[in-house]
Amino acid sequence: MTAPTASPDAAARTADPIPARAGIGLRHQHYRAVTEGRPPVGWLEVHSENYFGGGRPLAFLEAARAHYPLSLHGVGLSLGTDGPLDRDHLARIKALIERVQPALVSEHVSWSTAGGIYLNDLLPLPYTEEALRVICEHVRETQDVLGRPILVENPSSYLQFAHSTIPEWDFVAEISRRTGCGLLLDVNNVYVSACNHGFDAHGYIEAMPREAVQEIHLAGHAVREIGDATLRIDDHGSAVCDAVWQLYAAALARLGPVPTLIEWDSNVPDLPVLVAEATTADGFLTKAAEARSAVAA
Amino acid sequence: MPSLRELQGALAGSVLRNLDAPLAAAVRADGIAFDGRLQVYRNNTFSSLTAALKDSFPVVCQLVDERFFGYAAQEYIRADPPRAPRLAEYGADFADFLAGFEPVRHLAYLPDVARLEWAVNTAYHAADAPTLDPQRIAAVPQERYPLLTFTPHPPVQLFSSEFPADRVWQAHQPGGNLETKIDLSSGGCRLLIDRHDQDIRFLAVDAAGFALASALCDGHELQEAYEKAAAIDGAFDLIAALSTHLTRGTFTDFADPAGA
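Chains as they are written, first to last, in my numbering: chain A, 111 to 407; chain B, -10 to 249.
Spelled out as structure tokens, the structure:
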């Protein structure tokens, strides 16, 4: 399989900026409903890896791209792996960027590959100086190859490493400070990890460098009882819960309106359900914009 | 304190093979036992990779039923985990795995159905490319035809089986007829699989036609490819076969050494 080559009209198309509105993740179940129905959402995001080939997926993405600004969200680059970055994978991301001209390109503060084996999950890093050095090198290399800054997303996690020395919020903020990358603040991940590990979710958001946060993710999560304890699991399989909406409102109060994505990847609902979640997020964004202009006035 | 590399190797071992000892000491114990935490990661890896295999092998999944497929997938994931972070590329060896998997040894046709599904999957995800304009071949003087070589259109796949794998596959597509019994000893199939307007197509070809298409897709000169076909069928109609390939868009380009 080879990466797509730039289509002739790609150069003519500008990377329309992502508005400070709600967008939705484009999933294959909704290809036709989105390209033909054109729901009133501000922008779309896709997982880059699903569009490295040609045929139907790429044709639908291009059809959708004709009507919406786009964000490419990678799940496979494994920025946190100690070892060389996958140059072949990076080249495919670059070719896709040239083809569909996304406004934002993002990856994760996590790792997925060890010893050449890809585990298809976003695995937690130990928060140490060593891991910080590794991920920053990889973010820099990615930005150099792509010729543009990327965003990195804070993870959700179900364990903590005993030898971590840096709080996660400082680790994430430091990546942005050292590499100039932007941040994708996943509010659901903050909530999930805060509950799982007993830290203060609001304090985490306060610690984010304001100007670096260029995108927010919202999603539903599952709650699993393990013995007497509870573990929250980020499965993107349900509606955003009330506590996460409240945390989102707090994040917007601090950051102002930021482009916000509704992620719903498992038990994918009908498109109107997804669009209704986006409309709810738009309500929060409008309030945040009004509050901002009231302060300015 | 483990290095990052040691830690990542240990976590991968724990997720894939339940090798917990190297990792357990590195995980903070608070409230939930180590195994309960690792189980979340194991479940994420195995359930998402199983879902990816199910997407690529939906007919195999129907043939063996979903629960057994889940078991086979789990064994396959342990034996041959993904080597690249692209799920569309995962499962290239699943047919070989099934061929050696004791619980399905009695289903001799199953690995071939898996191979067919992999060929379809490969065609579906292949890169876009223009097809060769037949006028370009028409413009080549006929005496130069023997030395022409062709580049296959990226989605093109050639598939053959001693079983009617194509009929099994068709019957298990949405809207397929599962009522008709397929006699597995009723003969095999030879297919050229391609993609046209984003749809996957099968072209059934005979042994000689298969030999020609295989040789051309492997880069052999037209003369050599024809000889392979003619060795099977002395009356092989090369012009008709070539015309079919050019009309269908089997090739994306050609090379004419004499014309270069």
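For glycine and all other residues, C-beta sits at the position ideal for the given N, C-alpha and C.
Between the CA atoms of residue j and residue i - distance to the nearest angstrom
{"i": "A:L362", "j": "B:A(-1)", "result": "39 angstroms"}
{"i": "B:V157", "j": "B:A200", "result": "24 angstroms"}
{"i": "A:C351", "j": "A:P369", "result": "19 angstroms"}
{"i": "B:F58", "j": "B:F86", "result": "13 angstroms"}
{"i": "A:A56", "j": "A:L328", "result": "This structure gives no information on residue 56 of chain A, because the portion of chain A shown stretches from 111 to 407."}
{"i": "A:A125", "j": "A:E251", "result": "22 angstroms"}
{"i": "A:R320", "j": "A:D310", "result": "18 angstroms"}
{"i": "A:D231", "j": "B:A77", "result": "16 angstroms"}
{"i": "A:Q139", "j": "A:T390", "result": "22 angstroms"}
{"i": "A:N160", "j": "A:R142", "result": "16 angstroms"}
{"i": "A:D392", "j": "A:P379", "result": "19 angstroms"}
{"i": "B:H114", "j": "A:S158", "result": "14 angstroms"}
{"i": "B:V145", "j": "B:A244", "result": "18 angstroms"}
{"i": "A:D338", "j": "A:D345", "result": "21 angstroms"}
{"i": "A:S348", "j": "A:I372", "result": "11 angstroms"}
{"i": "B:A13", "j": "B:V4", "result": "12 angstroms"}
{"i": "A:I276", "j": "B:F83", "result": "42 angstroms"}
{"i": "A:R364", "j": "A:I285", "result": "20 angstroms"}
{"i": "B:T140", "j": "A:I245", "result": "41 angstroms"}
{"i": "B:L(-4)", "j": "B:A15", "result": "8 angstroms"}
{"i": "A:V151", "j": "A:P167", "result": "20 angstroms"}
{"i": "A:L295", "j": "A:Q324", "result": "8 angstroms"}
{"i": "B:H185", "j": "B:D44", "result": "21 angstroms"}
{"i": "B:E151", "j": "A:V354", "result": "57 angstroms"}
{"i": "A:A173", "j": "A:E335", "result": "43 angstroms"}
{"i": "B:P(-9)", "j": "A:E240", "result": "11 angstroms"}
{"i": "B:P163", "j": "B:D226", "result": "36 angstroms"}
{"i": "B:G20", "j": "A:G163", "result": "45 angstroms"}
{"i": "A:K397", "j": "A:S303", "result": "27 angstroms"}
Within chain B, the residues that residue i reaches when beta carbons sit closer than 8 angstroms
{"i": "A:S222", "result": "P74"}
{"i": "A:A240", "result": "Checking the sequence, you will find Glu at residue 240 of chain A rather than Ala. In chain order: S(-8), L(-7)."}
{"i": "A:L341", "result": "I21, G25, R26, V29"}
{"i": "A:V244", "result": "L(-7)"}
{"i": "A:T370", "result": "The contacting residues do not exist; A:T370 stays about 25 angstroms from chain B at best."}
{"i": "A:H199", "result": "A73, P74, R75"}
{"i": "A:Y268", "result": "R26, V29, Y30"}
Residue environment, residue i, which counts as buried when at least 16 other CB atoms sit within 10 Å
{"i": "A:I134", "result": "buried"}
{"i": "A:T340", "result": "exposed"}
{"i": "A:E316", "result": "exposed"}
{"i": "A:A113", "result": "Summary for A:A113: the model assigns pLDDT 43, below 50, so the residue's position carries little reliability, and this model does not support an answer."}
{"i": "B:R94", "result": "exposed"}
{"i": "B:D155", "result": "buried"}
{"i": "A:T223", "result": "buried"}
{"i": "B:E75", "result": "In the sequence on display, residue 75 of chain B carries Arg and not Glu. B:R75 comes out buried."}
{"i": "B:T169", "result": "exposed"}
{"i": "B:N110", "result": "buried"}
{"i": "A:V215", "result": "buried"}
{"i": "A:S403", "result": "exposed"}
{"i": "B:H234", "result": "buried"}
Where residue i meets chain A, residues with beta-carbon distance less than 8 angstroms
{"i": "B:P47", "result": "By Cβ distance, chain A contributes nothing, its closest Cβ being about 14 angstroms from B:P47, past 8 angstroms."}
{"i": "B:S37", "result": "N230, D231"}
Within chain B, the residues that residue i reaches when beta carbons sit closer than 7 angstroms
{"i": "A:F162", "result": "R75"}
{"i": "A:I336", "result": "I21, G25"}
{"i": "A:Y314", "result": "Chain B residues near A:Y314: none, gap ~18 angstroms exceeds 7 angstroms."}
Within chain A, the residues that residue i reaches when beta carbons sit closer than 9 angstroms
{"i": "B:Y113", "result": "G163, G165, R166, P167"}
Closer than 7 angstroms at the beta carbon, the chain A residues around residue i
{"i": "B:G251", "result": "Nothing in the structure corresponds to residue 251 of chain B, since chain B is present only between -10 and 249."}
{"i": "B:A15", "result": "F271, A272, H273"}
{"i": "B:L105", "result": "Near B:L105 there are no residues of chain A at all, since even the closest Cβ is about 18 angstroms away, more than 7 angstroms."}
{"i": "B:Q146", "result": "Here the premise fails: no neighbours, minimum Cβ distance about 12 angstroms."}
{"i": "B:T239", "result": "None at all; the shortest Cβ gap to chain A is about 16 angstroms."}
{"i": "B:V4", "result": "L229"}
Rounded Cβ spacing between residue i and residue j (contact assumed at less than 8 angstroms)
{"i": "A:H218", "j": "A:E263", "result": "5 angstroms"}
{"i": "A:L395", "j": "A:A130", "result": "6 angstroms"}
{"i": "B:H142", "j": "B:T239", "result": "6 angstroms"}
{"i": "A:I326", "j": "A:V297", "result": "6 angstroms"}
{"i": "A:V210", "j": "A:L261", "result": "The pair is not a contact, with the Cβ atoms about 17 angstroms apart (cut-off 8 angstroms)."}
{"i": "B:T241", "j": "B:P119", "result": "6 angstroms"}
{"i": "B:R133", "j": "B:G248", "result": "6 angstroms"}
{"i": "A:R137", "j": "A:D375", "result": "7 angstroms"}
Partner residues on chain B for residue i, Cβ-Cβ distance less than 9 angstroms
{"i": "A:S188", "result": "P74"}
{"i": "A:Y358", "result": "Near A:Y358 there are no residues of chain B at all, since even the closest Cβ is about 24 angstroms away, more than 9 angstroms."}
{"i": "A:D196", "result": "A73, P74"}
With a cut-off of 8 angstroms, do at least 3 Cβ pairs link the segment 105 to 116 of chain B to the segment 170 to 190 of chain B?
yes
If you pair each beta-carbon of the segment 184 to 194 of chain A with each one of the segment 205 to 217 of chain B, do three or more pairs fall below 8 angstroms?
no
Give a yes or no on contact between the segment 222 to 240 of chain A and the segment 269 to 276 of chain A, applying the rule of three or more CB pairs nearer than 8 angstroms.
yes
Per the contact definition of three or more C-beta pairs closer than 8 angstroms, is the segment 64 to 79 of chain B in contact with the segment 220 to 230 of chain A?
yes
Three Cβ pairs or more, each shorter than 8 angstroms: is that satisfied between the segment 201 to 210 of chain A and the segment 178 to 187 of chain A?
yes
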